[in-house]
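Colleague:
2 protein chains.
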Amino acid sequence: MVNADPGAARSRATIRDVAARAGVSKSLVSLAYSAPEAVSPQRRERVRQAAEELGYRPNHVARSLNSMRDDIVGILVADSRNPVLSEIVDAARAALFETGRLGFVLTAVALDEDGTRLDIDLLSMVADLRPARLLIVGSVPEMRLVREAMPDARIVVASAIPVDLDDAPSVHADDAAGIGLAVAHLAERGHRRIAHVGGAGGPTAEARTRAFDAALAAEGLPPGRVGLSDFTERGGHRAAGELLDAATPPSALVASSDLAAIGALAAVRDRGLSDRVAVTGYDNTFLAGLRLVDLTSVDPGNAEIGRRAAELLSTDAPAAREHRIVPRLVIRSSSEFVAPTD
Amino acid sequence: MVNADPGAARSRATIRDVAARAGVSKSLVSLAYSAPEAVSPQRRERVRQAAEELGYRPNHVARSLNSMRDDIVGILVADSRNPVLSEIVDAARAALFETGRLGFVLTAVALDEDGTRLDIDLLSMVADLRPARLLIVGSVPEMRLVREAMPDARIVVASAIPVDLDDAPSVHADDAAGIGLAVAHLAERGHRRIAHVGGAGGPTAEARTRAFDAALAAEGLPPGRVGLSDFTERGGHRAAGELLDAATPPSALVASSDLAAIGALAAVRDRGLSDRVAVTGYDNTFLAGLRLVDLTSVDPGNAEIGRRAAELLSTDAPAAREHRIVPRLVIRSSSEFVAPTD
DNA sequence: TTGTAAGCGTTATCAG
DNA sequence: CTGATAACGCTTACAA
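So the protein sequences, as listed, match chains A and B. For the first sequence, the residue numbers in my numbering are 9 to 350. For the second sequence, the residue numbers in my numbering are 9 to 350.
1) When Cβ atoms are compared, which residues of the segment 123-156 of chain B fall closer than 7 Å to chain A?
2) Are at least three pairs of beta-carbons, each pair with one atom in the segment 311-323 of chain B and one in the segment 101-115 of chain B, less than 8 Å apart?
3) Any C-beta of chain A sitting closer than 7 Å to the C-beta of Asn67(B)?
4) Just how far apart, CA to CA, sit Ala86(A) and Val47(A)?
5) Within 8 Å, do at least three Cβ pairs link the segment 334-345 of chain A to the segment 18-38 of chain B?
6) 7 Å is my cut-off, CB to CB: does Gly63(B) come that close to chain A?
7) Quick one: which chain B residues come within Cβ less than 9 Å of Phe239(A)?
8) Which bits of chain B does Val301(A) rub up against, with CB to CB less than 8 Å?
9) Assuming Gly232(B) and Pro258(B) make a contact with CB atoms under 8 Å, what is their CB distance in whole Å?
10) What is the rounded straight-line gap between the Cα of Val306(A) and the Cα of Val262(A)?
11) Ignoring anything shorter than 4 residues or poking outside the segment 21-46 of chain A, list the alpha helix (DSSP H) runs there in chain order.
12) Using the Cβ count rule (16 or more neighbours within 10 Å means buried), how would you classify Glu241(A)?
13) Any beta carbon from chain A within less than 7 Å of Ile270(B)'s own beta carbon?
14) Taking the alpha helix (DSSP H) that Ser322(B) falls in, what are its first and last residues?
15) Can the beta-carbon of Ala190(A) be found less than 7 Å from the beta-carbon of Thr288(A)?
16) On a CA-only basis, which of Leu62(B), Leu251(B) and Val55(B) is nearest Leu236(B)? Give me that one, please.
17) DSSP state of Ala58(A), grouped into three classes?
18) In chain B, which residues lie with their C-beta within 8 Å of the C-beta of His245(A)?
19) Would DSSP call His199(B) helix, strand or coil?
20) Excluding the five sequence neighbours on either side, which residues of its own chain have a C-beta within less than 7 Å of the C-beta of Thr115(B), listed in chain order?
21) In chain order, what residues of the same chain lie with their CB nearer than 7 Å to the CB of Arg279(B), ignoring the 5 residues before and after it?
22) When we look at the beta-carbon of Thr349(A) and count the other beta-carbons within 10 Å, is it buried (16 or more) or exposed?
23) Hey, is Leu110(B)'s beta-carbon within less than 7 Å of any beta-carbon in chain A?
24) How would you list, in chain order, the residues of chain B whose beta-carbon sits under 8 Å from the beta-carbon of Ala5(A)?
25) Suppose the cutoff is 7 Å on Cβ atoms and the five residues either side in sequence are ignored; what does the same chain contact list for Ala184(A) look like?
26) Does DSSP put Leu137(B) in a helix, in a strand, or in coil?
27) Output, in chain order, the set of chain B residues within a Cβ distance shorter than 7 Å of Ala70(A).
28) Could you check how far apart the C-beta atoms of Ala21(B) and Gly63(B) are, in whole angstroms? I think they sit under 8 Å.
29) Note down, one range per segment and in chain order, each alpha helix (DSSP H) of at least 4 residues found wholly within the segment 262-315 of chain A.
30) Does DSSP put Gly63(B) in a helix, a strand or coil?
31) Beta carbon of Leu137(B), beta carbon of Ala157(B): below 7 Å?
32) By DSSP, does Glu330(A) sit in helix, in strand, or in coil?
33) According to DSSP, is Ile163(B) helix, strand or coil?
34) Taking C-alpha atoms, which residue in Leu73(B), Arg155(B), Ile313(B) and Ala168(B) lies nearest to Arg141(B)?
35) Between the alpha carbons of Thr212(B) and Gly309(B), how many angstroms are there, rounded?
36) Does the beta-carbon distance from Ala255(A) to Val205(A) come in below 7 Å?
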């Protein structure tokens, strides 16, 4: 049998193979990886070389089996197709990589007949890997279950309010400030009848609507109408249509998302009101930057949210419960013009 | 010490706890999961009940440590932000779920200073989980390394041509047919000077360009110009601009992606040529369906690609090397009108 | 049909 | 600094 040949790399080399080749014990090899400074330089080098020759890589699974791992961090993302969340994830991954950690991203949310549910199987697999740190990106449902599955992990939530998870710091954009920027910008351009397209689709939407009301008041403007819309293009189109067809239509629309804003833009265009009705979006996704769209949008600073979250995750120090990132407004042609005087 | 109390669920229940509670041995519990029919109904029920009471879930990591797992399948996606790939992944996951398998998605590709590279650490972690089956979605670089890391796994490639992986079946859209649909549609509308926006950005782009040339010939049309563009909006905008500013501009543009088409649409609009120059996209992503865009696009049938891939993955039977999914054309206003006569 | 024992690859403990 | 030895949670021959 060929298998009898010890040199026949049947499959991956193990720590034993490395030890044998380097002429040391298994434990020394293990040490050489986990606490290099505790091993004499000569031996360390021999181990390194043996490992290289054999193409050895430590088995993550075996490691996770008997100790919590601080070198891997789980990233649970609520919706893998949401570009906002993707940006945050990418930034966080890059930052984690800097600290020498391996971030693996899993979409642990499944679409159920009635809404979204946490995929318990996937969650338990993540838990089995025993990551010492976990990043939750977006509004993952049933966060309590996450904590139960990983009672000892440090958890940070990005771009969502932690629910049932009162020990997890969160990093998110300051939506009130963001909406405020949009409203102030429009007011500055002379708009006085500003309406909101949004308010539906979850707590984030509701918070943005409240921020809208507050921002109008802060600018000394009369209360604005709200066309109820979720974050979708269809919703924005419908809501904007209703607002524009009213007796006294607004001259500017502040939408709760870029998609809703794009729907609103279509409604505006359909009525021949382009360059008469301003529109602003939210999130400054790549959509806003498309030449065909060219939408003024609030940039929540997703990359910074990701970085800050990674930072909070990497430390062991206690952290403030809430971290607000300051948004900025990216002005494009959808709102550049001055409000027409009635 | 509280720990002395065996009932104090320190953390997750293990197979031992279940065995103790059910009054059987560990192995029987294991058997009850892996080969239920080999265990007497009474014992099986007792095990089931004990497991439920303790909230026991098998530890995936421990399982993977000593046997290849056919219940989990790894999904390697080339670019988590590509909506086309996301659709395929979602469809595949749903189909895998039907077969009782757990599909976990990992983006194993990292952006390097020079291009994309496979994230070897992540790949080896996937390999450590020992999935019996692996789905590669999109053009993952260095596929050879994937095979090396998992020599015994069944691999299927979706939406990409397997490179260095001659034993893996692939499922992808029939791009030649797709481009053919777009060209035929335009020809039918009276267009005779049709140009292509694309050709750059990888083998897929090149294949689409060849298909474009062939399609023109098939329609009996003269060869068309190619404005070199990658899949991005910026690329499409630039390339379309050049084509439109030529001495004899085309009356229709066939783009290699929706994004490139959207860039082209902007170039068309900027020149006041809307409703005079038709544009078609490729992939029929949600972008094409936005009212503001309303782009005719080739739908490659991503959901079906995902389903077929999952199907091929789930069986053990040898499969044909290449599976082509038939695309269809979704006609929208960007190309509905009849070509203006010169 | 059930139980015993030996791994899977690694880390932790604790004598040398 | 090194090297046995015992976990980690599970599967899987092999015995009973």
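Ideal Cβ placement from N, Cα and C applies to all residues, glycine included. Predicted model only: the values in this text are computed from it and were never measured.
Modeller: From the atom records:
1) Asp129, Leu130, Ser132, Met133, Asp136 and Leu137
2) yes
3) yes
4) 43 Å
5) no
6) no
7) What Phe239(A) touches in chain B: nothing, since even the nearest Cβ is about 13 Å away.
8) Leu300
9) 7 Å
10) 10 Å
11) 23-30 and 34-42
12) buried
13) yes
14) Asn310 to Ser322
15) yes
16) Leu251(B)
17) helix
18) Arg299
19) coil
20) Val85 and Ser88
21) Leu252
22) exposed
23) yes
24) What is shown of chain A runs 9 to 350, which leaves residue 5(A) out entirely.
25) Ala219 and Ala222
26) coil
27) Leu73
28) 6 Å
29) 266-278 and 294-297
30) coil
31) no
32) strand
33) strand
34) Arg155(B)
35) 16 Å
36) no
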